[in-house]
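Student:
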């Protein structure tokens, strides 16, 4: 990175690795104004760049963006914003496409302009399609374009998008990006496809590839998702892994993230643990994870940025906080739950498909907390219906389980058990055997007073 920055300086482009957040935010605001009216046609109507020095500078910037994405992430928005300025000043080149994709990603991270981020991302995707270097571009830019997709397009679409990126990377021999696309494929599959057993098989395949190519950082992130899947399946021996692969538990991965100050790995570990614990209704432990993550995140240069999967951070924190508010009567939990519902309502404006069921479930818990039982029932039913219509069948199961618990706690035991049994069937289809066992035990406990 230092060598490339030094070479770049000879072309009149100076960047410091000690970039501060204020500088980044200033450049992002300038980029928002510059790209406000941008379209694919406007990009294509730009002249082809002729200035050799600027061509070389933009090519080096493209290389640096890819290198800095993990090692110096604060440099990435500065580089891609500068790349776009050069495009509008001197003309279009292939690195413009990379600039558009990374600017889209940066707009998502550092601003609330999700719609502009989505539009810029779509322009980048449309320029990749049919390009003479289509596979190479798709390989290195899939991760960036995927980040915005999860907020705007049906989440399930991202699974095929990631697989296409992976296949393109394999075609051109881009191992690094093939492994990254493999990781985001697993992430997309985990959150949107209700098939834990199938996902576990895919992960083992990626384990072997990542170990073979010694991509240990990416391997650790995939391991965190594998541990979450295994926790829900409840069978440690349900999937054979080659003995040469050194397995890490979530606790070990957490320690690695702390020691290396890797917010990237920490984010995955925390989200996965929150996911499992929220489904297992260990809400105090979810709250502990939230505090741990915020403490580490506050101590890094990435403070103020957002990640695409923060939507699930908001959702799980909100569900757990509202359950704790009901149990403890503490106002602080209520406030967290209310804030989560507010954030989720904003996300629904971008994609009702992805977020409507989550918002309805948060609202149901909030109505229940406020003793507005009629509204609570309607919101639970709305969440169940929306999750089913939008093919989030595992989240449909969660909503039915929570509705069943609500009914039981409000003296409608028979009706509640029907909902729990329906949820249990959906968990079984998902492959979450541990969750099935949990509900079986819970139903037995509910039935004991009736039999007495």
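In the numbering used here, the protein residues as written are 595 to 1046.
No residue lacks a Cβ here, since even glycine has one placed at the ideal position from N, Cα and C.
Would the beta-carbon of residue 710 fall within 8 Å of that of residue 654?
Tutor: Along the chain shown, one-based indexing puts residue 710 at 116. Along the chain shown, one-based indexing puts residue 654 at 60. Cβ distance not < 8 Å, so residue 710 and residue 654 don't count as in contact.
Student: Can you give the Cα-Cα distance for residue 899 and residue 704, rounded to whole angstroms?
Tutor: The residue you call residue 899 lines up with position 305 of the chain shown. The residue you call residue 704 lines up with position 110 of the chain shown. With a pLDDT of 49 at residue 899, under the threshold of 50, the predicted position of this residue should be treated as unreliable, though the coordinate-derived value follows. Taking the straight line joining both Cα atoms gives about 5 Å.
Student: Only counting the same chain, and skipping five residues up and downstream in sequence, which positions put a Cβ closer than 6 Å to that of residue 1027?
Tutor: For the purposes of this step, residue 1027 is taken as residue 433 along the chain shown, with counting starting at 1. So the qualifying residues of the chain are 827 and 828.
Student: For residue 910, collect the residues of the same chain with a Cβ closer than 7 Å to its Cβ; drop the 5 residues on either side in sequence, then sort them by chain order.
Tutor: Within the chain shown, numbered from 1, the residue matching residue 910 stands at position 316. Around residue 910: 868, 869, 872 and 880.
Student: Which residues in the same chain as residue 1021 place their Cβ atom closer than 6 Å to its Cβ, once the five residues preceding and following it in sequence are excluded?
Tutor: The sequence position of residue 1021 within the chain shown is 427, counting from 1. Closer than 6 Å at the Cβ level, and outside the excluded window around residue 1021, lie 991, 1029 and 1030.
Student: Please give me, in chain order, every unbroken run of the alpha helix (DSSP H) with length at least 4 that falls completely inside the stretch 853-878.
Tutor: Segments of the alpha helix (DSSP H) lying fully in the stretch 853-878: 857-873.
Student: Taking DSSP as the reference, what is the three-state secondary structure of residue 633?
Tutor: For the purposes of this step, residue 633 is taken as residue 39 along the chain shown, with counting starting at 1. Of the three classes helix, strand and coil, the one that applies to residue 633 here is coil, per DSSP.
Student: Grouping DSSP H, G and I as helix and E and B as strand, with all else coil, what is residue 605?
Tutor: In the chain shown, residue 605 corresponds to position 11, counting from 1. Here residue 605 sits in coil by DSSP.
Student: Are there three or more Cβ pairs, one per stretch, closer than 8 Å when the stretch 940-950 is compared with the stretch 916-929?
Tutor: The answer is no - the stretch 916-929 does not touch the stretch 940-950, with fewer than three Cβ pairs under 8 Å.
Student: To the nearest angstrom, how far is the alpha carbon of residue 744 from that of residue 859?
Tutor: Against the chain shown, residue 744 aligns to sequence position 150. Against the chain shown, residue 859 aligns to sequence position 265. The straight-line gap from Cα to Cα measures roughly 19 Å.
Student: Exposed or buried, which one is residue 957 when buried takes at least 16 other CB atoms within 10 Å?
Tutor: The sequence position of residue 957 within the chain shown is 363, counting from 1. With 16 or more Cβ atoms within 10 Å of its Cβ, residue 957 is classed as buried.
Student: Could you give the DSSP three-state label for residue 968: helix, strand or coil?
Tutor: The residue you call residue 968 lines up with position 374 of the chain shown. Residue 968 falls in the helix class under three-state DSSP.
Student: Residue 642 bridges to which residues according to DSSP?
Tutor: As a first step, residue 642 is located in the chain shown; it is residue number 48 there, counting from the start. In the DSSP output, where bridge partners are listed per residue, residue 642 has 686.
Student: If you reduce the DSSP assignment to three classes, tell me which class residue 899 lands in.
Tutor: For the purposes of this step, residue 899 is identified with residue 305 of the chain shown, where counting begins at 1. With a pLDDT of 49 at residue 899, under the threshold of 50, the modelled position of this residue cannot be trusted; read the value that follows with caution. Of the three classes helix, strand and coil, the one that applies to residue 899 here is coil, per DSSP.
Student: Could you name the residues of the same chain whose beta carbon sits closer than 6 Å to that of residue 606, not counting the 5 residues immediately before and after it, in chain order?
Tutor: Residue numbering aside, residue 606 sits at position 12 when the chain shown is read from its first letter. Answer for residue 606: no residue qualifies.
Student: Tell me which residue opens and which closes the alpha helix (DSSP H) that residue 750 is part of.
Tutor: Along the chain shown, one-based indexing puts residue 750 at 156. Looking at the DSSP string, residue 750 is not in any alpha helix (DSSP H), and its letter there is neither H nor E.
Student: Using the three-state DSSP reduction, which class does residue 797 fall into: helix, strand or coil?
Tutor: Indexing the chain shown from 1 puts residue 797 at position 203. It is helical.
Student: By the DSSP assignment, the alpha helix (DSSP H) with residue 1004 in it spans what residues?
Tutor: To locate residue 1004, count along the chain shown from 1; it is residue 410. Looking at the DSSP string, residue 1004 is not in any alpha helix (DSSP H), and its letter there is neither H nor E.
Student: Residue 895 to residue 668, Cα distance in whole Å?
Tutor: Numbered from 1 along the chain shown, position 301 holds the residue referred to as residue 895. Numbered from 1 along the chain shown, position 74 holds the residue referred to as residue 668. Here residue 895 scores only 48 on pLDDT, less than 50, and its place in the model should not be relied on; the value that follows carries that caveat. Rounded to whole angstroms, residue 895 to residue 668 spans 8 Å at the Cα level.
Student: Grab me the residues of residue 1040's own chain with a C-beta within less than 7 Å of its C-beta, minus the 5 sequence neighbours each way, in chain order.
Tutor: The sequence position of residue 1040 within the chain shown is 446, counting from 1. Excluding sequence neighbours, residue 1040 sits near 1002, 1007 and 1011.
Student: What are the boundary residues of the alpha helix (DSSP H) that residue 540 is part of?
Tutor: Since the displayed the chain opens at 595 and closes at 1046, residue 540 lies outside it and no answer follows.
Student: Under three-state DSSP, which class holds residue 842?
Tutor: Taking the first residue of the chain shown as position 1, residue 842 is located at position 248. It is coil, neither helix nor strand.
Student: Measuring only the C-alpha atoms, how far is residue 1034 from residue 730?
Tutor: Taking the first residue of the chain shown as 1, we reach residue 1034 at position 440. Taking the first residue of the chain shown as 1, we reach residue 730 at position 136. For residue 1034 and residue 730, the distance between alpha carbons rounds to 50 Å.
Student: Give the C-beta separation of residue 702 and residue 742 to the nearest angstrom, bearing in mind that I take them to be a contact with Cβ-Cβ under 8 Å.
Tutor: Sequence index remark: in the chain shown, residue 702 carries index 108 (1-based). Sequence index remark: in the chain shown, residue 742 carries index 148 (1-based). Right, the Cβ-Cβ distance comes to about 5 Å (below 8 Å), so this counts as a contact.
Student: Tell me where the alpha helix (DSSP H) around residue 668 begins and ends.
Tutor: What you label residue 668 is simply residue 74 of the chain shown in a count that begins at 1. No alpha helix (DSSP H) holds residue 668; DSSP gives it neither H nor E.
Student: Between which two residues does the alpha helix (DSSP H) harbouring residue 922 extend?
Tutor: The count along the chain shown starts at 1 and reaches residue 922 at position 328. Where residue 922 is concerned, the enclosing alpha helix (DSSP H) stretches over 904-922.
Student: Enumerate in chain order the residues of its own chain whose CB-to-CB distance from residue 959 is below 6 Å, with the five nearest sequence positions on each side excluded.
Tutor: Here residue 959 refers to the residue found at position 365 of the chain shown. Here the set comprises 916.
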